[in-house]
Amino acid sequence: MDVTDHLQRDRASLPLDALLDEVQYRTLLYFWEGAHPQTGLPFEKRGADGEMVTDAVALSGVGFGLMALLVGTERGWISRDQSLARTALIVDSLFRAPRFHGAFSHLIHGTTCDVLPFSQRDDGGDLVETTLLMQGLICAREYFAGDGEAETELRAGITRLYDETDWRWYTRGDDDGPLYWHWSDGQDWIMNLPITGWNEALCAYILAAGSNTHPIDPQNYHAGWTRHGAFVNGETYHGTRLPFGEPLGGPLFLSQYAFCALDPRGLEDRYGDYWEQAVAHARINHDYCLTVPAYRTAGVWGLTASEIPHGYAANSPTHDAGAVAPTAALSSFPFLPREAEKSLRAFMAFGNGRLFGPHGFVDAFMPAGGWTAPHCIVIDQGPIVAMIENFRTGLLWNLFMQAPEVRRGLNRLEFQVGNQHSG
Numbered sequence: 015m016d017v018t019d020h021l022q023r024d025r026a027s028l029p030l031d032a033l034l035d036e037v038q039y040r041t042l043l044y045f046w047e048g049a050h051p052q053t054g055l056p057f058e059k060r061g062a063d064g065e066m067v068t069d070a071v072a073l074s075g076v077g078f079g080l081m082a083l084l085v086g087t088e089r090g091w092i093s094r095d096q097s098l099a100r101t102a103l104i105v106d107s108l109f110r111a112p113r114f115h116g117a118f119s120h121l122i123h124g125t126t127c128d129v130l131p132f133s134q135r136d137d138g139g140d141l142v143e144t145t146l147l148m149q150g151l152i153c154a155r156e157y158f159a160g161d162g163e164a165e166t167e168l169r170a171g172i173t174r175l176y177d178e179t180d181w182r183w184y185t186r187g188d189d190d191g192p193l194y195w196h197w198s199d200g201q202d203w204i205m206n207l208p209i210t211g212w213n214e215a216l217c218a219y220i221l222a223a224g225s226n227t228h229p230i231d232p233q234n235y236h237a238g239w240t241r242h243g244a245f246v247n248g249e250t251y252h253g254t255r256l257p258f259g260e261p262l263g264g265p266l267f268l269s270q271y272a273f274c275a276l277d278p279r280g281l282e283d284r285y286g287d288y289w290e291q292a293v294a295h296a297r298i299n300h301d302y303c304l305t306v307p308a309y310r311t312a313g314v315w316g317l318t319a320s321e322i323p324h325g326y327a328a329n330s331p332t333h334d335a336g337a338v339a340p341t342a343a344l345s346s347f348p349f350l351p352r353e354a355e356k357s358l359r360a361f362m363a364f365g366n367g368r369l370f371g372p373h374g375f376v377d378a379f380m381p382a383g384g385w386t387a388p389h390c391i392v393i394d395q396g397p398i399v400a401m402i403e404n405f406r407t408g409l410l411w412n413l414f415m416q417a418p419e420v421r422r423g424l425n426r427l428e429f430q431v432g433n434q435h436s437g
């Protein structure tokens with residue numbers, strides 16, 4: 015891949031298609047160049063100037079990285095053979111990583127694939143990280159649909175990883191309760207964290223319901239995820255009604271991680287409309303930011319989990335640390351395209367371009383105060399590539415929604431799906 019800075023003009027004034035190409039291409043380089051050479055696994059974070067700062071690999075980031083490879087392939091920035099080889103290397107590496115009733119841990123080592131405990135008690139299976147990984151794996155399997163030996167073997171390996179995930183184990187044997195986030199050999203269920211909505215884990219229930227080997231009962235979804243409908247919000251914030259979730263929506267990743275793969279267009283169930291949810295969540299976040307003078311003056315918006323000075327925080331309209339994350343607005347392109355474009359151009363121009371580096375945008379910055387995050391972070395870089403592509407072509411939405419596991423899960427949970435995916 016040619017990594018030369020191929021656009022020397024003022025990026026902030028480029029035509030939109032050219033600007034989106036530049037953003038997707040640069041951010042793809044995070045996954046292409048910023049991965050371990052022996053395993054293909056993208057690191058959990060990189061320095062803003064591209065330097066390696068950790069050996070840790072987040073499994074959710076691997077899922078986003080797989081999606082980014084598909085986008086790069088479709089746009090001609092890497093060849094199909096290159097993409098297939100890298101994807102196969104990643105899948106082979108995943109088979110080396112420990113699994114806990116089929117679920118992967120939150121973090122593994124980029125070379126050895128051994129578990130890196132996320133915390134003292136979190137040293138085993140993480141079902142949500144596994145779900146976000148599976149989203150990327152399923153998209154890759156659907157993309158590489160050729161008859162050749164390499165693509166056939168890749169598809170078989172990905173299906174095996176999915177089929178060996180014991181979703182039912184993570185119900186703790188209760189057909190009328192939630193999935194649980196964590197389990198490990200030594201800690202058992204000590205984390206005791208149920209997966210309940212609204213958050214980034216909607217696809218955990220869809221993929222769990224769609225399993226032919228270890229399926230959950232639909233009642234797990236209704237009693238666990240929706241809490242018998244208690245996750246419904248229905249209140250109005252800044253003039254926008256929010257179907258689900260916490261007041262003012264919470265950090266934007268709560269919607270965006272799942273909707274990188276799951277197509278919310280025309281997606282409904284007995285509780286509400288998921289396109290309305292995605293648009294409302296972004297709209298409320300945007301309109302809140304208009305009330306903050308520093309954001310409004312800089313012409314930027316977007317609060318989500320990101321770096322802040324001396325740490326990391328889940329920023330939202332109710333917990334605003336003053337840090338704007340480019341991923342929040344850019345991953346909203348399908349839902350608020352005009353507002354996302356305006357903020358993108360402002361990000362590019364801010365500080366004479368200091369937010370945009372060799373692997374895309376820095377993780378976050380403070381429009382007031384001059385602080386800029388020292389890193390790019392995998393779980394924020396990935397959705398930028400994915401969601402911009404879904405805005406442009408629907409590529410990842412189309413791949414994920416055609417997968418038999420996904421269609422089965424949505425059907426078992428009685429979702430209505432838009433006409434573009436019926437049949």
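Okay, so the sequence shown: first residue is 15 according to my numbering, each after it adds one.
Even glycine gets a Cβ: it sits at the ideal position worked out from N, Cα and C.
Predicted model, so just to flag it, every value in this text is computed and none were measured.
Shown here, Glu321 sits in a strand according to DSSP, grouped into three states.
Annotation: Gln233 to Pro56 spans about 36 Å, alpha carbon to alpha carbon. Its chain contains Gly374 as the residues whose beta carbon lies nearer than 6 Å to that of Arg40, once the 5 sequence neighbours on both sides are disregarded; these appear in chain order.
Glu165 and Ala159 have their alpha carbons spaced roughly 7 Å apart. Note on Asn299: 16 or more other CB atoms within 10 angstroms of its CB, so buried under the neighbour-count rule. By the Cβ criterion, the stretch 178–197 is in contact with the stretch 226–243, since at least three pairs of Cβ atoms, one from each stretch, lie closer than 8 Å. Runs of the beta strand (DSSP E) lying entirely within the stretch 324–375, each at least 3 residues long, are 325–328 in chain order. If you look at Val71, you'll find it in the beta strand (DSSP E) that goes Ala70 to Ala72. Take the alpha-carbon of Ala312 and the one of Thr126: they are about 44 Å apart. Pro388 is positioned such that its CB atom lies closer than 7 Å to that of Ala62. Gly116: not part of any beta strand (DSSP E); DSSP gives it neither H nor E. According to DSSP, residue pairing for Pro56 in a beta bridge involves Ala49. Assigned with DSSP and collapsed to three states, Glu282 falls in strand. For the options Val420, Asn226, Gly138 and Leu168, the alpha carbon positioned closest to that of Trp203 is the one of Gly138.
Pairwise C-beta distances place the stretch 347–366 out of contact with the stretch 92–104, as fewer than three of them are shorter than 8 Å. Around the C-beta of Gly336, 16 or more other C-beta atoms lie within 10 Å, and the residue is accordingly described as buried. In the DSSP assignment, Cys127 falls outside any alpha helix (DSSP H) and carries neither an H nor an E. Around the CB of Asp377, 16 or more other CB atoms lie within 10 Å, so the residue is classed as buried. Under DSSP, Leu121 forms a beta bridge with Ala72. Looking at the DSSP output, Pro229 shares a beta bridge with no other residue. In this structure, the beta-carbon distance from Ile122 to Ala417 does not fall below 7 Å. When rounded, the separation of the alpha-carbon atoms in Ala218 and Glu419 is 12 Å. Boundaries of the alpha helix (DSSP H) around Ile152: Leu141 to Tyr157. A direct Cα-Cα distance of roughly 32 Å separates Gly75 from Gly248.
Using a Cβ distance threshold of 7 Å, Leu266 and Ala342 count as a contacting pair. When Cβ pairs closer than 8 Å are counted between the two stretches, the stretch 291–298 is seen to touch the stretch 344–351, the count reaching three or more. Between the alpha carbons of Phe114 and Trp197 lies a gap of roughly 7 Å. Assignment of Asp31 by DSSP, reduced to helix, strand and coil, places it in the helix class. The C-beta distance from Ala272 to Arg426 rounds to 17 Å, too long to fall under 8 Å, and the pair is not in contact.
The beta carbons of Tyr157 and Gln395 sit about 20 Å from each other, so the pair does not count as a contact at 8 Å. Restricting attention to Ala26, Trp46 and Pro29, the CA atom closest to the CA of Val399 is found in Trp46. Collapsing the DSSP output to three states places Val314 in coil. Rounded to the nearest whole angstrom, the C-alpha separation of Leu193 and Gln149 is 18 Å. In the three-state scheme derived from DSSP, where H, G and I count as helix and E and B as strand, Met66 is classed as strand.
Annotation: the continuous beta strand (DSSP E) that includes Cys390 extends over His389 to Ile391.
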